[in-house]
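A short worksheet on the structure shown next.
Number of protein chains: 2
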Amino acid sequence: MAYLSIGQLARRSGVKVTTIRYYETIGLLEEPERTESGQRIFTDSDVQRLSFIRHTRDLGFPVEDVRALISLQADAEKDCASVDRIARHQLGAVRRRLTKLEALEAELKRMIAACEGGTVASCSVLAALGDHDDCLVGEHEGAELMAVPPSKRSCPYSDWRC
Amino acid sequence: MAYLSIGQLARRSGVKVTTIRYYETIGLLEEPERTESGQRIFTDSDVQRLSFIRHTRDLGFPVEDVRALISLQADAEKDCASVDRIARHQLGAVRRRLTKLEALEAELKRMIAACEGGTVASCSVLAALGDHDDCLVGEHEGAELMAVPPSKRSCPYSDWRC
DNA sequence: TCTAATTGCTATAGTAACTGTAGGGGCAAG
DNA sequence: CTTGCCCCTACAGTTACTATAGCAATTAGA
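Listed in order, the protein sequences are those of chains L and S. Residues 1 to 162, numbered by the working numbering, are exactly what the first sequence covers, in order. Residues 1001 to 1162, numbered by the working numbering, are exactly what the second sequence covers, in order.
Given below as structure tokens:
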């Protein structure tokens, strides 16, 4: 069994030293043993654990999901359904981001293609950014499609000069 | 020219009231006129400006880039090159995210397909998360590929019990 | 006209998931 | 023994907002 300093663990796991300490403070990692002088001592199982965390984070799971997965791991009797549910949820999120990014790529390509070195005044990139109408990115999830009812007058308060 | 309250502006632009005020504090939006009682007064040009900001943010540009684009817009004599550069940079970032997300989607699909309702002990989702070797997500940009030189002993300090 | 509901205001704190800084101590090599 | 790197804690900063508290203004309904 090899013992590792935090720096060695960082190099082996690909997780930065400061991040390892951060994971300890938020309880993702158990508090490790210490030397007499107070330096942390890690083992290969910490490399495993950190690799798991890192991989899961790289897959885009939020830290709370990582925490949930770890606790599931600890209790091997539970069924796979929770894990599956978390993974499916994540897959949905990934697909939504993917769709949005694809539209975004197309939009940027279109904008760049249209930009041919004129002045800003004639630059269609800025025009495209200001113009929602021919936007390829559909997922503006706010309320700009929420029409303002014509009954609402454009002057909000009675004492305003409109 | 119609005058708008902050709430009306929020509905028209799709940017939340609190976010509008936030944009004002960080200087993305000029300080608007006020009524005698202190309420903000906006106009259609603010709708334009906010739509621009929102669209640009939706495209994934960081706020600082939005700020840069706005200042470029203000100076119509400058050439298009800066705008083009910012957009190209953004396109690169989008493509990197896209590649990673695609690998990620494949990985998740693979994991879910392998999860067939057993117990956690036999669940391959957790196994896949712990196992880097057959991972489809290549972009672990840390140092786990940085081999630990065999010359380095695994005991970091001479006084450790290894 | 009175009142309740909505909207607005400021200021401050909280969020995620870290990263950076200050100010110190430990450890091996030349 | 000193140079230089690694480690420690504690706290502040980051991004782009969001939430909360506590209050004032405005509007809509009875």
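By construction, the Cβ of each residue, glycine as well, lies at the ideal position given by its N, Cα and C atoms. Note that the structure is a prediction, hence the values are computed from the model and not measured.
Chain-ordered neighbours of residue i on chain L, where CB pairs are closer than 8 Å
{"i": "E1105/S", "result": "L91, V94, R95, L98"}
{"i": "D1046/S", "result": "Ordered by position in chain L, no residue passes the 8 Å Cβ test against D1046/S, which lies about 13 Å from the chain."}
Neighbour flag for residue i against chain L, beta carbons, 7 Å
{"i": "I1112/S", "result": "yes"}
{"i": "A1087/S", "result": "yes"}
{"i": "L1108/S", "result": "yes"}
Burial state of residue i, where buried means 16 or more other Cβ atoms lie within 10 Å
{"i": "Q48/L", "result": "exposed"}
{"i": "S71/L", "result": "exposed"}
{"i": "H89/L", "result": "exposed"}
{"i": "T1018/S", "result": "exposed"}
{"i": "S1051/S", "result": "buried"}
{"i": "R1011/S", "result": "buried"}
{"i": "E33/L", "result": "exposed"}
{"i": "E1107/S", "result": "buried"}
{"i": "G1138/S", "result": "The predicted position of G1138/S is uncertain, since its pLDDT is 46 and thus under 50; a value taken from the coordinates is nonetheless stated next. That one is exposed."}
{"i": "M146/L", "result": "For M146/L, the predicted model reports a pLDDT of 29, less than 50, meaning its position is unreliable; a value from the coordinates is still stated below. It counts as exposed."}
{"i": "R1021/S", "result": "exposed"}
{"i": "E105/L", "result": "buried"}
{"i": "R1096/S", "result": "exposed"}
{"i": "E1141/S", "result": "Bear in mind that a pLDDT of 37 at E1141/S, under 50, signals an unreliable position, so the model cannot answer this."}
Chain S contact for residue i (CB, 7 Å cutoff)
{"i": "L28/L", "result": "no"}
Identity of the residue in the options nearest residue i by Cα
{"i": "T43/L", "options": "Q8/L, T25/L, E24/L", "result": "Q8/L"}
{"i": "T25/L", "options": "F52/L, V63/L, R11/L", "result": "V63/L"}
{"i": "L164/L", "options": "D65/L, E36/L, V94/L, A113/L", "result": "In this structure chain L extends from 1 to 162, so residue 164/L is not present and cannot be described."}
{"i": "M1111/S", "options": "E36/L, V15/L, L91/L", "result": "L91/L"}
{"i": "T1056/S", "options": "G1014/S, L1108/S, A1103/S, Y1003/S", "result": "G1014/S"}
{"i": "I86/L", "options": "A114/L, S45/L, A103/L, G60/L", "result": "G60/L"}
{"i": "D58/L", "options": "R21/L, V83/L, V94/L, Y3/L", "result": "V94/L"}
{"i": "A1002/S", "options": "I1041/S, R1096/S, T1035/S", "result": "I1041/S"}
{"i": "A1114/S", "options": "E102/L, A103/L, D84/L, L101/L", "result": "D84/L"}
{"i": "E1030/S", "options": "L1004/S, C1080/S, D1046/S, Q1073/S", "result": "D1046/S"}
{"i": "I1053/S", "options": "Q1039/S, T1035/S, Q1073/S", "result": "Q1073/S"}
Amino acids of chain S, ordered along the chain, whose beta-carbon sits closer than 8 Å to that of residue i
{"i": "E102/L", "result": "L1098"}
Taking a Cβ distance cut-off of 8 Å, strictly less, list which residues of the segment 49-74 of chain L are near chain S, in chain order.
Taking 8 Å as the Cβ-Cβ cut-off against chain S, the residues of the segment 49-74 of chain L that qualify are S51, F52, R54, H55, T56, D58, L59, G60, L69, L72, Q73.
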